[in-house]
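FYI, in full-length UniProt numbering the residues of the sequence shown are 1 to 171.
We put the beta carbon where it would ideally sit given N, CA and C, even for glycine.
In this text the structure is predicted, and so the values were computed from the model without any measurement.
Some notes on the structure that comes next.
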Amino acid sequence: MTVALLFRRQIWNIWKNLAPRQRWLMSRSRVLENSTRDNAQPEQPLTKKSKTFQEYLPEGDRTYSCVHCRAQLAHHNELISKSFQGSQGKAYLFNNVVNVGCGPAEERMLLTGLHAVADIYCECCRTTLGWKYEHAYEATQKYKEGKYIIELAHMVKNNGWRDPEKRRSIH
Numbered sequence: 001m002t003v004a005l006l007f008r009r010q011i012w013n014i015w016k017n018l019a020p021r022q023r024w025l026m027s028r029s030r031v032l033e034n035s036t037r038d039n040a041q042p043e044q045p046l047t048k049k050s051k052t053f054q055e056y057l058p059e060g061d062r063t064y065s066c067v068h069c070r071a072q073l074a075h076h077n078e079l080i081s082k083s084f085q086g087s088q089g090k091a092y093l094f095n096n097v098v099n100v101g102c103g104p105a106e107e108r109m110l111l112t113g114l115h116a117v118a119d120i121y122c123e124c125c126r127t128t129l130g131w132k133y134e135h136a137y138e139a140t141q142k143y144k145e146g147k148y149i150i151e152l153a154h155m156v157k158n159n160g161w162r163d164p165e166k167r168r169s170i171h
């Protein structure tokens, strides 16, 4: 069997296990995507507002920032797991992030199965940082929905050691 045939069978097995309502919603979203691709002029959203400010996390706390522009991305308390794999190496799973934009959702076959994910990018420098889990098709992966993956190649950890009182003494 070829890889393409195995992939089609896996997708079909996932599709047939979905509830009829989920199938209808998925097929409807594909119809809407295809209809917007066929239009000569893509419609611009009327309510789209550009973000004119950068959100800052509390000073002195451990945070994660964009390695390219140093915009703050997440607080250390929002970190769920360090044991994820991105396309460029290790990645972290966060509950919530700031200063990121979200692209359109698309279905991808990841290491843990089929997921609907949307790429996320830094609002300041527009670098793609990772992705957001929009929908997980397997019951064991549902905990990832609404969570964010940021690859280590695109972020740096700030320990919040600017205050001398917060530093640990080695003597």
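Relative to the Cα of N96, the nearest Cα in the group H75, L110, H115 and K157 belongs to H75.
Contact annotation: the region 59 to 72 does not touch the region 111 to 120, with fewer than three C-beta pairs closer than 8 Å.
When Q10, Y148 and R9 are compared, the shortest CA-CA separation from F84 is found for Y148.
C-alpha of V156 to C-alpha of T140: approximately 30 Å in a straight line. Rounded to whole angstroms, the gap between the alpha carbons of L114 and C102 is 19 Å. The three-state secondary structure of L114, taken from DSSP, is strand. Its chain contains Q72, V98 and N99 as the residues whose beta carbon lies nearer than 8 Å to that of E55, once the 5 sequence neighbours on both sides are disregarded; these appear in chain order.
According to the DSSP assignment, N95 belongs to no beta strand (DSSP E), since it is labelled neither H nor E.
Taking C-beta atoms as the reference points, G146 and Y133 count as a pair closer than 8 Å. Scanning its chain for C-beta atoms nearer than 8 Å, with the 5 sequence neighbours on each side dropped, one finds around A153 the residues V67, G86, Q88 and G89, in chain order.
Here N158 carries a strand assignment [DSSP, helix/strand/coil].
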